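Sequences listed follow chains Y and S, in order.
Numbering-wise (numbering that gives the first Met the number 0), the first sequence opens with residue 0 and increments by one.
Numbering-wise (numbering that gives the first Met the number 0), the second sequence opens with residue 0 and increments by one.
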Amino acid sequence: MTQILTMVAQRLALGLLTLFVVSLIIFLGVELLPGDLTQAILGQAATEETVAAFRRELKLDLPPHERYVAWLGGILQGDLGHSLANKRAITELMGVRLWNTLFLAFISAAVAVPLALGLGILAALYRGTPYDRAVNIVTLSSISFPEFFVAYILILVLAVQLGWFPSISNIGEELGFWERVYRSILPALTLTLVVVAHMMRMTRAAIINLMASPYIEMANLKGLPRVRIIVRHALPNALAPIINVVVINLAYLVVGVVIVEVVFVYPGLGQLLIDAVRTRDIPVVQATGLFFAAAYILLNLTADVLSILTNPRLLHPR
Amino acid sequence: MNSGDSTTDVREPLLKMTGLRIEGQAGERWNEIVRGVDVVLHRGEVLGLIGESGAGKSTIGLAAMGYARPGCRLSGGDIVFDGMELRGAPEDRKRDLRGVRIAYVAQSAAAAFNPAHRLIDQFAEAPVHHGVKSRAEAEADAKDLYRRLQLPYPEQIGYRYPHQVSGGQLQRAMTAMAMSCRPDLIVFDEPTTALDVTTQIEVLAAIKDVVRHLDAAAIYITHDLAVVAQMADRIMVLRYGDLVEEGTADQIINRPREKYTRELLAVRTYRKPDAGPPSEAPLLRIEGVSARYSRSARVLEDVDLEIGRRRTVAVVGESGSGKSTLARVITGLLPPEEGRIFFEGEALPPALPGRNREMLRRLQMIYQMPDTALNPRQRLRDIIGRPLAFYLGLTGRKREDRVRELLEMIELDPDDFIDRYPTELSGGQKQRVCIARALAAQPDLIICDEVTSALDQLVAEEILKLLQRLQDELHLSYMFITHDLATVRAISDEIVVMLQGRIVEQGARNDVLTPPHHEYTNLLLSSVPEMKIGWLDRTLAEREKRRARGEQVMESADR
């Protein structure tokens, strides 16, 4: 058990280190942006004095390393700084949007993960049959289209022609849970279509890869039906690669939603990021960037730990 | 196990396969790998199938369950089990038989147990799934069988995972699993081939006892005639998918009719002539070497060893005895913790990077698995030519000529073989190429690590003879690592017996092989199956008698 704890602690430390490096990159990246920030915000007509005053207010007169330390220190205390556009605290700005993004990711995952695993297991079970080929063709086609294209096709068919769902996912806190689900269905469906293929293909491949093992032959010779062989004998040993792919896709559901949120005008973090870039609201861009990185690292860390835990050799040492 | 009384023969046979044909897929084509073999098995009878690799014995064993491996198909003949035709029967009907009335014991229990589940869960799976027993009954039965098969801690061992149990124990747990539904027929597919001799004898005894106890019929598949002589009532000798001859065990062992059977019986009779005591100063001397892999316990403890010129020193021991580690220490792959190694009286740098090219050249190695030791993407010209260029700086015409010379030395026709890839060779030919590659460096000492273990017996014997001829011609020294005492008898001048990282006995071949022995040497020697009917029973009875007299009888570490 201590072996596992050490391993988890190691991964955690590594994750923190990565996050630190990412914070440096984000900060330096913004620093390297061409043009003067204050001028860009205040416009060419601003007087020397206003510019200087504004720079002092933003602490842009300080050297970069001092600003970085101050920024990082603030983050560690839970203070992400203030938006340049409307002076509100970024934590407050991100709060609601973060929950909206996580809500969308959650309902997408709730559909996509079981669907992908189920389709993958069935594809392995009926390998080489027309079903297998059909599933492969459909999922691979849906992953091959750009997501905005998938999104617009869904809007065209399900919202405009059939009128089943709203084309704009305008959700707010005042709505009930099911109303929010209803309004989020099209973006969730788009995301599902984008991530299912990858997970399904990996599930299928990981299982088929094991089907030549002697213990699968043994299960066959014990007279077990194919479903039981795949679910009970192949799947537990195929979990590590499957978990990794599932988690990478979950991370994508959180981090990669920018385009989908824009298409459906969904009020999530992606929208916030786009708006902030448009208005040169640098502190918001930095904060969202750092959050995306943190989410990505944390999810991959979870994948690592989970796949370690599926190895009986580590879970039950000699 | 001798159920040859007349009543069994009158009864309808339990299994009858007539004109069995099985095809294997090779690319687009189907090749016949079993060509019309008849197999008849009565209740309570044990049938031995014997042959070298490619004889089709496993394929026939699996066909008895109506099963063909992926890439194979049952293409002709009838398979009738207890009145039911299995070839062409629907999958569902065959599934109802498998695990219940016909069970299978695989060669490598370590690979055939699912690593994700506990032993007892895998035991209970078939009886519970087929509705033979409840889960509680199956668990109780598992513990009974574990006890019968003399597994340690029969009450608890089932709750372990496969990786927590030793190889010999796993093989017995697998035999117990096959018994879980009290099948009429059990197919044993080389169940002891992967085990050490000292473990093998115990597993054989356990299998024999439980088969007799439950009065099951069995098909026992092996490449080792001495083993099958202990287990079977009747033996079928197979070669290239054809029956060579069939008869009672006594008849096959004592009065074989066919030349091929006689060849199989005659293996392990080759003996190197006695060389007498070593004359010169030793080529390699090891003094007080101890070694460990990082943070593990010591795997070598205070080892002293000398290898003379033109001598073959056999290092023998069970898996885990440290014999391969010793090779790694000598070659510099694992620097020793203590002790020193002298080559021609000069101390060798302990680690590989400290040794110069000349030192590397004079000490070569040949490995157990020629498949993995040869780069599959290089032609023999490059495989053998590389050490010629690397150590001796040969290029162009000179190198080409030398490669051809080496191929001739290992008895492969240069014109035919020089442009081949390793995949176009048989197992024995691949091992010959590995030998040529080692010879290319013109070494003084070659370390041979289990070089014949992966080969069929007849092929292995040819390799041993080749190595001996090369020693006589080129004055080489060999350090011969092996777990196989027949190989030791055949080729060694001196024998070193290792146990748990220590040398327990060493000396000239005849001194070590003739009594009195160290008790561990005695255990090793007495565990090697002999080509005699009833050897197993006699040996076990002998050990039992000694125990009864209150003598200490050493047991295998893997109990």
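All residues carry an ideal CB built from backbone N, CA and C; glycine is no exception.
This one's a predicted model, so the numbers in the text were calculated from it and none came from an experiment.
Across which residues does DSSP place residue i in a beta bridge pair?
| i | result |
| --- | --- |
| residue 315(Y) | DSSP output for residue 315(Y) lists no bridge partner at all. |
| residue 363(S) | 445(S) |
| residue 94(Y) | In DSSP, residue 94(Y) forms no bridge with anything. |
| residue 234(S) | 47(S) and 246(S) |
| residue 71(S) | 23(S) |
| residue 34(S) | 20(S) |
| residue 15(S) | 39(S) and 79(S) |
| residue 163(S) | Bridge partners of residue 163(S): none, in fact. |
| residue 505(S) | 495(S) |
| residue 188(S) | 220(S) |
| residue 288(S) | 302(S) |
| residue 346(S) | 341(S) |
| residue 101(S) | 97(S) and 184(S) |
| residue 431(S) | Answer by DSSP bridge pairing: none, since residue 431(S) is not bridged. |
| residue 614(S) | This structure gives no information on residue 614(S), because the portion of chain S shown stretches from 0 to 558. |
| residue 313(S) | 479(S) and 494(S) |
| residue 297(S) | 291(S) |
| residue 283(S) | 306(S) and 342(S) |
Interface residues of chain S around residue i at Cβ under 8 Å?
| i | result |
| --- | --- |
| residue 217(Y) | 103, 105, 111, 112 and 113 |
| residue 317(Y) | 162 and 163 |
Identify which residue in the options has its Cα closest to the Cα of residue i.
| i | options | result |
| --- | --- | --- |
| residue 501(S) | 481(S), 300(S) and 472(S) | 300(S) |
| residue 209(S) | 81(S), 227(S) and 185(S) | 185(S) |
| residue 57(S) | 178(S), 99(S), 222(S) and 182(S) | 222(S) |
| residue 38(S) | 167(S), 243(S) and 113(S) | 243(S) |
| residue 279(Y) | 302(Y), 13(Y) and 30(Y) | 30(Y) |
| residue 226(S) | 470(S), 379(S) and 528(S) | 528(S) |
| residue 211(Y) | 475(S), 145(S), 111(S) and 509(S) | 111(S) |
| residue 361(S) | 288(S), 297(S), 283(S) and 248(S) | 283(S) |
| residue 302(S) | 337(S), 384(S) and 525(S) | 337(S) |
| residue 191(S) | 201(S), 305(S) and 183(S) | 201(S) |
| residue 196(S) | 491(S), 484(S), 542(S) and 499(S) | 484(S) |
| residue 292(Y) | 152(Y), 22(Y) and 115(Y) | 22(Y) |
| residue 214(S) | 13(S), 140(S) and 482(S) | 13(S) |
| residue 105(S) | 215(Y), 102(Y), 262(Y) and 315(Y) | 215(Y) |
| residue 261(S) | 517(S), 50(S) and 508(S) | 50(S) |
| residue 331(S) | 317(S), 356(S) and 311(S) | 356(S) |
Any heavy atom of the ligand GDP within a distance shorter than 7 Å of the CB on residue i?
| i | result |
| --- | --- |
| residue 474(S) | As far as ligands go, the structure on display features none, and thus does not contain the ligand GDP. |
Which residues in chain Y have a C-beta closer than 9 Å to the C-beta of residue i? List them in chain order.
| i | result |
| --- | --- |
| residue 67(S) | By Cβ distance, chain Y contributes nothing, its closest Cβ being about 11 Å from residue 67(S), past 9 Å. |
Can you list the residues of chain Y that residue i reaches, using a CB-CB cut of under 8 Å?
| i | result |
| --- | --- |
| residue 99(S) | 222 |
| residue 129(S) | 222 |
| residue 94(S) | 222, 223 and 224 |
Which chain S residues sit within Cβ distance under 7 Å of residue i?
| i | result |
| --- | --- |
| residue 214(Y) | 110, 111, 112 and 113 |
| residue 235(Y) | 115 |
| residue 312(Y) | 162 |
| residue 232(Y) | 113 |
Listing by chain order, which chain Y residues have their CB less than 7 Å from the CB of residue i?
| i | result |
| --- | --- |
| residue 125(S) | 221 and 222 |
| residue 64(S) | 220 |
Closer than 7 Å, Cβ to any Cβ of chain C: which residues of the segment 152–169 of chain S, in chain order?
-> Among the protein chains of the structure shown, namely Y and S, there is no chain C.
Pick out the complete alpha helix (DSSP H) segments inside the segment 457–501 of chain S, 4 residues or longer, and give them in chain order.
-> Secondary structure within the segment 457–501 of chain S: the alpha helix (DSSP H) runs of 4 or more consecutive residues, fully enclosed, are 484–490 (chain order).
Contact between the segment 381–401 of chain S and the segment 452–469 of chain S: three or more CB pairs below 8 Å?
-> The answer is no - the segment 452–469 of chain S does not touch the segment 381–401 of chain S, with fewer than three Cβ pairs under 8 Å.
What are the uninterrupted segments assigned as alpha helix (DSSP H) that are 4 or more residues long and contained completely in the segment 357–408 of chain S, given in chain order?
-> Unbroken alpha helix (DSSP H) stretches of 4 residues or longer found wholly inside the segment 357–408 of chain S: 369–372, 379–391 and 395–408, given in chain order.
contact_flag[the segment 243–254 of chain S, the segment 528–543 of chain S] where n(CB pairs < 8 Å) is 3 or more = Contact between the segment 243–254 of chain S and the segment 528–543 of chain S is present, because at least three Cβ pairs lie under 8 Å.
For the segment 335–355 of chain S and the segment 372–380 of chain S, state whether three or more C-beta atom pairs, one from each stretch, are separated by less than 8 Å.
-> Taking 8 Å as the limit for Cβ pairs, the verdict is that the segment 372–380 of chain S does not touch the segment 335–355 of chain S.
Touching or not, the segment 134–142 of chain Y and the segment 231–244 of chain Y, by the rule of three or more beta carbon pairs under 8 Å?
-> The answer is no - the segment 231–244 of chain Y does not touch the segment 134–142 of chain Y, with fewer than three Cβ pairs under 8 Å.
Spell out a yes or no on whether the segment 64–71 of chain S and the segment 124–132 of chain S are touching, meaning 3 or more CB-CB pairs, one atom from each, closer than 8 Å.
-> Because the criterion of three Cβ pairs below 8 Å is not met, the segment 64–71 of chain S and the segment 124–132 of chain S do not touch.
What runs of the alpha helix (DSSP H), each 4 residues or longer, lie entirely inside the segment 79–130 of chain Y?
-> Within the segment 79–130 of chain Y, the runs of alpha helix (DSSP H) at least 4 residues long that lie entirely inside it are, in chain order, 89–124.
Report yes or no: do the segment 200–210 of chain Y and the segment 265–279 of chain Y share at least 3 C-beta pairs separated by less than 8 Å?
-> For the pair of segments examined, the segment 200–210 of chain Y was found not to touch the segment 265–279 of chain Y: the number of CB pairs separated by less than 8 Å stays below three.
Every unbroken alpha helix (DSSP H) within the segment 197–235 of chain Y, with a cutoff of 4 residues, ordered by chain = Taking only runs of at least 4 residues, the alpha helix (DSSP H) segments lying wholly in the segment 197–235 of chain Y are 213–220.
Should the segment 503–516 of chain S be regarded as contacting the segment 463–470 of chain S, the criterion being three or more beta carbon pairs within less than 8 Å?
-> Verdict: no, contact absent.
Is the segment 71–80 of chain Y touching the segment 261–275 of chain Y, taking contact as three or more C-beta pairs under 8 Å?
-> They do not touch, by the three-pair rule.
At least 3 beta-carbon pairs within less than 8 Å: the segment 380–390 of chain S vs the segment 433–448 of chain S = Judged by Cβ distances under 8 Å, the segment 380–390 of chain S makes contact with the segment 433–448 of chain S, as three or more pairs qualify.
Stretch-stretch touch, CB-based, cutoff 8 Å, three pairs: the segment 108–122 of chain S with the segment 172–188 of chain S | Inter-segment contact for the segment 108–122 of chain S and the segment 172–188 of chain S is present: three or more beta-carbon pairs are separated by less than 8 Å.
If we count Cβ pairs, one from each stretch, closer than 8 Å, do we get three or more for the segment 489–496 of chain S versus the segment 305–323 of chain S?
-> As far as the Cβ criterion goes, the segment 489–496 of chain S touches the segment 305–323 of chain S, which means the pair count is three or higher.
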